[in-house]
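Here is the structure we will look at.
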Amino acid sequence: MKKVYGSATEALDGLLFDGMFIAAGGFGLCGIPELLLEAIRESGVKDLTFASNNAGVDDFGIGILLQTRQVKKMISSYVGENKEFMRQYLGGELELEFNPQGTLAERMRAGGCGIPGFYTKTGVGTLIAEGKEVKTFDGEDYILEHGIVADLAIVKAWKADDTGNLVFRKTARNFNPPAAMCGKVCIAEVEEIVPRSALDGDAIHLPGIYVHRIIQGEHEKRIEQRTVRTREDA
Amino acid sequence: MSNDAKGWDRNRMAARAAEELEDGMYVNLGIGIPTLVANYVGDKDITLQSENGMLGMGAFPFEGDEDPDLINAGKQTITELNRTAYFDSATSFGMIRGGKIAAAILGAMEVAENGDLANWMIPGKLVKGMGGAMDLVAGVGRVIVVMDHTSKHGESKVLKACTLPLTGKAVVDRIITNLAVLDVVEGGLKLVELADGVTEEELRAATDATIV
C-alpha cells in the first residue's frame, strides 16, 4: 500500500479527464484542498462539474478554476462571494444547481455509503422540489434526493498517517469527510503526514479506507472574513 | 410606519428574541439581527450550533488570535468554548434535519400568515443560494423569524401570501418585528405583544396579513 505522493500534480496523475465530476471539501475558504485545486488548474483539464458547498473567491479556491473557464457546472448551496462566478453564470457560461446545504452534504454521504437516494423534508413546497418525487411518511411530505458518486474527491485534512487515516482541525472538517466518501478515488492534502500509531485509533475522523492518495504541503489557509473584538471590549 | 421613535431597534428585537430561549436549549442563529441574540441570553445555558460543524460557539477572537480553521456559518472568525464539539457537515445537518436543534432564529424577506417563509431569492436579482436555511426551517423544533415589519419603501413584509420563492412552506412559528411579536395560528397571525409605543391600530395598518 503506497498512498503518499510527492506533490499534488503527482497525486492527480492518471485521474483527470475532461468532463469529469469532482467533489471538493471545504466551507467558504475554510478547509479547502487549495494545493489540489492549484494543480488541477495547471493540468488544464476542462468541462468540470464540481460538487462543493461554495465556489471560493475570485482568486482562491475553486475561483481560480473559474478564471480559466475550466468549470462547466457547480452543485453548491451558496455562491455569494465570487464576482467572476456571477458574471459567468448570468452570461449563461456556467451551469449552477443549487442544493440546500444539508441535502448536498447528505447526497455526498449517501453516495459514499451505497445509498442511491433518500427522502428529506428539506425543500418541500419550494423550487427545490420541482420535478422530484414526493412521498408521504406518517402524514408528512418528503422529496427524493439522489446520492452523489464523484469520479474524484479532493479534500483537505490536518494530519494523516501513510494509510490515509485522517484527522481534521476545528471547523475545517466541514464537507471534507462526506466529499471524501463519495469519490471513486479520493486524494487528501494534509498539513502533516505523521508516523503510524502517532494518531489515536479512537480519534480518527475519517478512516483510511476512503483515502487513496495523500500529499503533504504548505497551506495558505486564507481567512475570508476576519472578525475580532478588541481587548478593551472584554 | 415611519415614526422612528416607535417600536424596537435591532438590539431590542434581538433582546426580545433572546427571551424565547430557555435554559439548556441548542439553538442556531442566522446572519444579521439573529446573530445579536447571543448578546442577550444572560445567565441561560444556551448552546449555539454553527451549521458548518460546531456546537458551543464562542465570541469573536481577540485581535491576533484569529484561526483560519475556526469560523462560523457566516465565514467569520470565532472562538471555541470549553465544551465545544466539532463534526462534519453531514452530521451537522443530521442533527438539524433530525429535529435535535430546539430552535432557529433567522431573518426573512417575507413571511406569510400560514407560516411560509421567503429569505433566499429575489427572481431577476443576484441569487446567492439558500445555504443551510431550507434545512434549518424544515428540521428544527421551532422557527422564529426576526425582521423589520416593512420594507424600505414602507410595504408590509408580513403578508397574506409570500410573493418570493419560498425557503420553507408553513414552517414559521413566531415572528418578531420592530412593531410586534406575532404567532402563526389557525386562520392567520395572533398578536402576542406590541413593541414599545406601537398601537394595535398602527400594527394592523402596517400589516398585510390577517391578524386574528
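Chain order of the listed sequences is S and R.
Numbered according to our numbering, the first sequence spans residues 1 to 234.
Numbered according to our numbering, the second sequence spans residues 1001 to 1212.
Here a beta-carbon is modelled for each residue, glycine too, at the ideal position from N, C-alpha and C.
For N1003/R and chain S, any beta-carbon pair shorter than 9 Å?
Position 3 of the second sequence, counted from the start, is the residue given in the question as residue 1003/R. Confidence in N1003/R is poor, its pLDDT being 48 and thus under 50, which makes the residue's placement too unreliable to answer from.
List, in chain order, every chain A residue whose beta-carbon is nearer than 8 Å to that of K221/S.
This model lacks chain A altogether, as its protein chains are S and R.
Which residue or residues does DSSP assign as beta-bridge partners of R213/S?
The residue labelled residue 213/S in the question sits at position 213 within the first sequence. DSSP, once it has assigned bridges, lists I187/S as partnering R213/S.
Compute the beta-carbon to beta-carbon distance between A179/S and M108/S, rounded to the nearest angstrom, for a pair I have assumed lies under 8 Å.
Here residue 179/S corresponds to residue number 179 of the first sequence, with the count starting at 1. Here residue 108/S corresponds to residue number 108 of the first sequence, with the count starting at 1. Indeed they touch by this definition, with Cβ atoms about 6 Å apart.
Using the Cβ count rule (16 or more neighbours within 10 Å means buried), how would you classify K170/S?
Locating residue 170/S in the first sequence gives position 170, where the first residue counts as 1. Label assigned to K170/S: buried.
Can you tell me which residues form a DSSP beta bridge with H219/S?
Residue 219/S sits at position 219 when you count from the first residue of the first sequence. Bridge partners of H219/S: none, in fact.
Please state if the CB of M1147/R and the CB of A1205/R are separated by a distance shorter than 9 Å.
Working through the second sequence from its first residue, we reach residue 1205/R at position 205. Working through the second sequence from its first residue, we reach residue 1147/R at position 147. No, the pair does not count as a contact, with Cβ atoms beyond the cut-off.
Going by beta-carbon coordinates alone, are L1166/R and A1118/R separated by less than 9 Å?
The sequence position of residue 1166/R within the second sequence is 166, counting from 1. The sequence position of residue 1118/R within the second sequence is 118, counting from 1. Yes, they are a contact pair.
From R173/S to A203/S, what distance separates their C-alpha atoms?
The residue you call residue 173/S lines up with position 173 of the first sequence. The residue you call residue 203/S lines up with position 203 of the first sequence. Going from the Cα of R173/S to the Cα of A203/S covers about 13 Å.
Between C186/S and chain R, is there a C-beta pair that is closer than 9 Å?
Start at 1 with the first residue of the first sequence, and residue 186/S comes out as number 186. Chain R, which has no Cβ nearer than 9 Å to the Cβ of C186/S, makes this no.
Would you give the residue range spanned by the beta strand (DSSP E) that K1157/R belongs to?
Counting from 1 along the second sequence, the entry for residue 1157/R is found at position 157. First-last for K1157/R: undefined, no H or E at that position.
Identify whether Y142/S lies in helix, strand or coil by the three-state DSSP scheme.
The residue labelled residue 142/S in the question sits at position 142 within the first sequence. Y142/S: strand per DSSP, three-state reduction.
Return no unless some Cβ of chain S is closer than 9 Å to the Cβ of T1167/R.
On the second sequence, position 167 is the one that residue 1167/R refers to. Yes, T1167/R counts as interfacial toward chain S.
Quick one, are the C-beta atoms of L96/S and K132/S less than 9 Å apart?
One-based indexing of the first sequence puts residue 96/S at position 96. One-based indexing of the first sequence puts residue 132/S at position 132. No, the Cβ-Cβ distance between L96/S and K132/S is not below 9 Å.
Considering just the uninterrupted stretch of the beta strand (DSSP E) at V1145/R, what are its terminal residues?
Here the question's residue 1145/R lines up with position 145 in the second sequence. Here the beta strand (DSSP E) through V1145/R covers 1142 to 1146.
Just to check my reading of the structure: T122/S and T103/S have Cβ atoms closer than 8 Å, yes? What is that Cβ distance to the nearest angstrom?
Along the first sequence, read from residue 1 onward, the residue named residue 122/S stands at position 122. Along the first sequence, read from residue 1 onward, the residue named residue 103/S stands at position 103. With 8 Å as the limit, T122/S and T103/S qualify as a contact, their Cβ atoms being about 5 Å apart.
Please check the pair A1018/R and A105/S, which I expect to be a contact at CB under 8 Å, by giving their CB distance rounded to whole angstroms.
Taking the first residue of the second sequence as position 1, residue 1018/R is located at position 18. Taking the first residue of the first sequence as position 1, residue 105/S is located at position 105. Wrong, their Cβ atoms sit about 29 Å apart, outside the cutoff.
How many angstroms separate the CA atom of G1188/R from the CA atom of V1145/R?
Residue 1188/R sits at position 188 when you count from the first residue of the second sequence. Residue 1145/R sits at position 145 when you count from the first residue of the second sequence. Using only the alpha carbons, I get a separation of about 16 Å.
Would you mind listing the beta strand (DSSP E) stretches within the stretch 101 to 155 of chain S that are 3+ residues and don't spill past its ends, in chain order?
As far as the stretch 101 to 155 of chain S is concerned, its whole beta strand (DSSP E) runs of at least 3 residues are 117 to 120, 134 to 137, 140 to 146.
Taking CB distances under 9 Å as the criterion, tell me whether A172/S reaches chain R.
What you label residue 172/S is simply residue 172 of the first sequence in a count that begins at 1. A172/S counts as touching chain R.
From the DSSP output, which residues share a beta bridge with R41/S?
One-based indexing of the first sequence puts residue 41/S at position 41. R41/S is not bridged to any residue.
With three or more beta-carbon pairs closer than 8 Å as the criterion, would you say the stretch 1110 to 1130 of chain R touches the stretch 1035 to 1049 of chain R?
Cβ pair count under 8 Å is below three, so no.
Counting along the chain, where does the beta strand (DSSP E) carrying G1056/R start and finish?
On the second sequence, residue 1056/R is found 56 positions in, with the first residue counted as 1. Where G1056/R is concerned, the enclosing beta strand (DSSP E) stretches over 1054 to 1057.
Buried or exposed, going by whether 16 or more other CB atoms sit within 10 Å of the CB of L48/S?
Position 48 of the first sequence, counting from 1, holds the residue named residue 48/S. That one is buried.
By Cβ distance below 6 Å, which residues in the same chain neighbour L1203/R in space, the five residues on each side in sequence not counted?
Translated into the one-based positions of the second sequence, residue 1203/R becomes position 203. Here the set comprises L1179, A1180.
Got a sec: is the Cβ-Cβ distance from A1014/R to anything in chain S below 9 Å?
Taking the second sequence and counting its residues from 1, one reaches residue 1014/R at position 14. So, not an interface residue.
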